[in-house]
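Chemist: Listed in order, the protein sequences are those of chains A and B. For the first sequence, the numbering used here assigns the number 7 to the initial residue and increments by one for each residue that follows. For the second sequence, the numbering used here assigns the number 771 to the initial residue and increments by one for each residue that follows. To start, I am sharing the structure in question, which I have written as structure tokens.
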Amino acid sequence: MSDQQRIPVEVKAEAMNDVLPTTESNPKRKFSLGKKAQDRLWFWLFLAPALIPFLLMVITPFIMGIYFSFTNWDGGLNETEWIGLANFRALSTDFRFIYSFVRTAIYAVGNVILINVVAFSLALLVTRKLKLQNLYRAGFFIPNLIGGLIIGYLWSFIYTVVLTRGLSLFEISPLVNENAMLALLVVVTWQFAGYIMMIYIAALQNVPEDLIEASQIDGANALQRLRNITLPLIAQAFTVSLFLTLVTAFKQFDTVFSLTGGGPSISSPGWLESVAGLETSRTVEFTRLVTVQIYNWGFSRGNFAQAQAQAVTFFIILAIFSIGQVYFNKKREVEL
Amino acid sequence: MSTLKLKLTRFRDRLSALTKVETWKQAPKNIFNWFKSLSPLEILAFALLILFIFPFYIVVINTAKTNTAIIDSPMSQPESWSVFVNNVQRILDNDRLAYVNSLFNSVIITTASLVLIGVSSAMAAWVLVRTKTRLSMTLFLFFISGLVIPFQIVMLPLVTLIRVLENITFLPWRDTHHAVIIAYMGFGAPLSIFLFHGFIKSIPIDIEEAAIIDGCSRPQVFFRIVLPILKPIFVTLLVLNGLWIWNDFLLPLLVIGRGGSTQTLPLAVANFAGGFVRQWDLLLTALVMSAIPVIILFLFAQKHIIKGMTSGAVK
Chain A
7 MSDQQRIPVE VKAEAMNDVL PTTESNPKRK FSLGKKAQDR LWFWLFLAPA LIPFLLMVIT
67 PFIMGIYFSF TNWDGGLNET EWIGLANFRA LSTDFRFIYS FVRTAIYAVG NVILINVVAF
127 SLALLVTRKL KLQNLYRAGF FIPNLIGGLI IGYLWSFIYT VVLTRGLSLF EISPLVNENA
187 MLALLVVVTW QFAGYIMMIY IAALQNVPED LIEASQIDGA NALQRLRNIT LPLIAQAFTV
247 SLFLTLVTAF KQFDTVFSLT GGGPSISSPG WLESVAGLET SRTVEFTRLV TVQIYNWGFS
307 RGNFAQAQAQ AVTFFIILAI FSIGQVYFNK KREVEL
Chain B
771 MSTLKLKLTR FRDRLSALTK VETWKQAPKN IFNWFKSLSP LEILAFALLI LFIFPFYIVV
831 INTAKTNTAI IDSPMSQPES WSVFVNNVQR ILDNDRLAYV NSLFNSVIIT TASLVLIGVS
891 SAMAAWVLVR TKTRLSMTLF LFFISGLVIP FQIVMLPLVT LIRVLENITF LPWRDTHHAV
951 IIAYMGFGAP LSIFLFHGFI KSIPIDIEEA AIIDGCSRPQ VFFRIVLPIL KPIFVTLLVL
1011 NGLWIWNDFL LPLLVIGRGG STQTLPLAVA NFAGGFVRQW DLLLTALVMS AIPVIILFLF
1071 AQKHIIKGMT SGAVK
């Protein structure tokens, strides 16, 4: 059927039917679809290029993943056996998983606070009338363009060679002792602050000049202006930034992978031994976040079913957390 | 016309002033005054800028040194930039990194994924907005729910899925361009459809109806009328998806594998670093060479990139 002038062709075909009573003699009649059927056909044709890859590469492995977490899957194509909640029950005594979750929580809190404080301060600074403000913005933003993997290697050089050997700021590299978490937080702040700063800048520029001027005339000082005018007006930027930094913190993998690899190893702290019911002290890794733990437990140790159960738990907690946070922030916004 | 002339004469005056000796005698004083005129905030901002750029600076100067020179004095200026050329040559010859091949793979995978994600998501979002049924609303929510799925929950089964696909289709999937591109189409769809959906809702339907009356078929309405209107959001998505795909490490690691013939730049760097952790001269050169394409692109399209990234986040 010609794709041009669809409606006239149909009308013509129907008109011809009146003239020619036998439908077999008119081949066009056979292939023309009703308006509704045609709509439905186009609907699925337009949807398919996005829907098929989404179903194939996201939804299929997602469902497989949830199913595998209830089995003794070995990561291959072998027959699997349904073992119910055994993988999840094992998590409650899995000291590595519990520890990685605690480390992730600490990392996420530090990440959200540090990045937002630095980014907001930078945004306030560069929205003042400075001579080179475009240069500053670009300069603070540039680390964000480079992938986390490359940044991790870059900073492992800065820490181990430049700061330790070159400038003698540390006696040994901070990546191999208990400063590793702080070292990691410095790197991700350097990486993301410029991006979050741009969100704050966009919001700050939307604050009307005349409101600021009016408050100046009324005698409000800089701090009062910030608290009573600027902050309420950019509440939405805070929602967006807090959410973004929290989610990126939980999903962080690349930078840790190349910066510390999860290390350094330490012996398990006392609280972990009592929580996980350990009889002897074991070694745990100081910056092994949940994502690194899942990767390591699956691909390096080959405990695929258990790693998948960890991933499902991670997904549930992440989902609850992000929904809760959005809800909380929306409520706050209205109050302000 | 007259303003142009005025500008030209002013420019000529300034040029002639520069050639006079008196101007140059004043110069140091002027620079000093310029520094004095800077506010404390400006100085603070400048100091912070230096601090932010310092890691790049230190890495770049160390790419022009030998490994022993880097370990001995990482802070010193390089003696000769010919060492840099030498390091670059060694990187280009390196099999584990396979720089030219990896750069080519990164470019192919990123551009193909960007175009396909953009067009397929725009098509899907368009029919989802223009078809007002419960099915289309459900499908939209189905796509959006993909935003909550972290990569970690799909990554272990994804490796198995690739093997299953090889068995079912009798085609190669592991270490191929098409597998990675289809994967990116799937993972990129939720955000792209979400952004397109919001934008298309604001386009009045009258234009499309007029086109249909004029005899346009549905693909014609979409490709000739709707797609050009979507340009601003398309650019936003090029930036957001482009940076994500170009820098992504975990997905290509699982679908392609380290050292695969279709490895992307981040994979190549990881593959290389795995073998040469202590060889800082080569590793730093490799890092600079893999970071440079994006930085060059940023210098050319700075406005688009910053606008794209911030508007994408706020929406």
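Ideal Cβ positions, reconstructed from N, Cα and C, are used throughout, including at glycine.
Among A313/A, T170/A, S287/A and S174/A, which residue has its Cα nearest to the Cα of V298/A?
Modeler: Comparing Cα-Cα distances from V298/A to each of A313/A, T170/A, S287/A and S174/A, the minimum goes to A313/A.
Chemist: Quick check: what's the CA-CA separation for A892/B versus T881/B?
Modeler: Cα to Cα, A892/B sits roughly 16 Å from T881/B.
Chemist: At 8 Å on the CB atoms, spell out the chain B contacts of P55/A, in chain order.
Modeler: The answer, in chain order, is L886, V889, S890, M893, A894 and M955.
Chemist: Run the CB neighbour count on Y827/B, radius 10 Å, all protein chains shown included, and call it buried at 16 or more, exposed below.
Modeler: Looking at its Cβ environment, which holds fewer than 16 other Cβ atoms inside 10 Å, Y827/B is exposed.
Chemist: Put W277/A into one of helix, strand or coil per three-state DSSP.
Modeler: Three-state DSSP puts W277/A in a helix.
Chemist: Quick one: what does DSSP say W88/A is sitting in, helix, strand or coil?
Modeler: Here W88/A sits in strand by DSSP.
Chemist: If you reduce the DSSP assignment to three classes, tell me which class S271/A lands in.
Modeler: Note: S271/A maps to strand in three-state DSSP.
Chemist: Note the first and the last residue of the continuous beta strand (DSSP E) segment covering E1087/B.
Modeler: Residue numbering for chain B in the displayed model covers 771 to 1085; residue 1087/B lies beyond these limits and cannot be assessed.
Chemist: Rounded to the nearest angstrom, what separates K135/A and A1071/B at their Cα positions?
Modeler: Using only the alpha carbons, I get a separation of about 24 Å.
Chemist: Starting from S843/B, find everything on chain A with Cβ-Cβ shorter than 8 Å and list it in chain order.
Modeler: What S843/B touches in chain A: G172.
Chemist: For a cutoff of 8 Å on Cβ pairs, would you count Q314/A as touching chain B?
Modeler: Answer yes: the Cβ-Cβ gap between Q314/A and chain B drops below 8 Å somewhere.
Chemist: What number of angstroms, rounded off, separates the C-alpha of F1086/B from the C-alpha of V829/B?
Modeler: Lying before the first or after the last residue shown, residue 1086/B is absent from chain B, which here runs from 771 to 1085.
Chemist: Rounded to whole angstroms, what is the Cα-Cα separation between A291/A and S271/A?
Modeler: Residue identity differs from the one stated: residue 291/A is Glu in this sequence, not Ala. Taking the straight line from one Cα to the other gives about 4 Å.
Chemist: Please say whether Y113/A and S264/A have beta carbons closer to each other than 8 Å?
Modeler: No, the pair does not count as a contact, with Cβ atoms beyond the cut-off.
Chemist: Under 8 Å between the Cβ atoms of S852/B and M955/B?
Modeler: The answer is no: Cβ separation not under 8 Å.
Chemist: Just checking, does the stretch 808-827 of chain B make contact with the stretch 138-154 of chain A on the three C-beta pairs under 8 Å criterion?
Modeler: Taking 8 Å as the limit for Cβ pairs, the verdict is that the stretch 138-154 of chain A does touch the stretch 808-827 of chain B.
Chemist: Step through the CB atoms of chain A and report whether any lies within less than 8 Å of the CB of A959/B.
Modeler: For A959/B, the answer is yes, since a Cβ of chain A falls inside 8 Å of its Cβ.
Chemist: Can you tell me the Cβ-Cβ gap for F198/A and I121/A, rounded? I've got them flagged as a contact below 8 Å.
Modeler: F198/A to I121/A, Cβ: 5 Å. Contact.
Chemist: Go through its chain and collect everything with a Cβ distance to F94/A's Cβ below 6 Å, but skip five positions before and after it.
Modeler: Counting only Cβ-Cβ distances below 6 Å, and skipping sequence neighbours, we find A315.
Chemist: Taking F310/A as the reference, give the member of L47/A, L51/A, W79/A and R46/A with the closest Cα.
Modeler: Residue W79/A is the option with its Cα nearest to F310/A.
Chemist: One question on the structure: do L917/B and F966/B come within less than 8 Å of each other, judged by their Cβ atoms?
Modeler: No, they are not a contact pair.
Chemist: With a cut-off of 8 Å, does the C-beta of T833/B fall near any C-beta of chain A?
Modeler: It does not: the Cβ of T833/B has no partner Cβ on chain A nearer than 8 Å.
Chemist: Report all residues from its chain with a CB closer than 8 Å to the CB of A111/A; omit the five preceding and five following residues, and keep chain order.
Modeler: Excluding sequence neighbours, A111/A sits near nothing in its chain.
Chemist: Can you confirm whether the stretch 978-998 of chain B touches the stretch 1047-1061 of chain B when touching is taken to mean that 3 or more C-beta pairs between the two stretches lie within less than 8 Å?
Modeler: Contact fails: fewer than three Cβ-Cβ distances are below 8 Å.
Chemist: Going by C-alpha distance, which of V897/B, Q1049/B, V1005/B and L808/B is nearest L57/A?
Modeler: Nearest of V897/B, Q1049/B, V1005/B and L808/B to L57/A, Cα basis: V897/B.
Chemist: Any beta carbon of chain B sitting closer than 8 Å to that of F74/A?
Modeler: Taking Cβ atoms only, chain B reaches closer than 8 Å to F74/A, which makes this a yes.
Chemist: Compute the beta-carbon to beta-carbon distance between T1080/B and A208/A, rounded to the nearest angstrom, for a pair I have assumed lies under 8 Å.
Modeler: Their Cβ separation, rounded to whole angstroms, is 5 Å, which keeps T1080/B and A208/A in contact under 8 Å.
Chemist: Relative to chain B, which residues along the stretch 186-201 of chain A have a C-beta separation below 8 Å, given in chain order?
Modeler: From the stretch 186-201 of chain A, only W196, G200 and Y201 have a Cβ closer than 8 Å to chain B.
Chemist: On the criterion of 16 or more Cβ atoms from any shown chain inside 10 Å, does N227/A qualify as buried, or is it exposed?
Modeler: By the neighbour-count rule (16 or more Cβ atoms within 10 Å), N227/A is not buried but exposed.
Chemist: Is T236/A helix, strand or coil by DSSP?
Modeler: Here T236/A sits in helix by DSSP.
Chemist: Taking 8 Å as the CB-CB limit, is T908/B close to chain A?
Modeler: With 8 Å as the cut-off, T908/B does not count as an interface residue toward chain A.
Chemist: So does the stretch 221-239 of chain A actually touch the stretch 1002-1021 of chain B, counting three or more Cβ pairs closer than 8 Å?
Modeler: Not touching, per the Cβ criterion.
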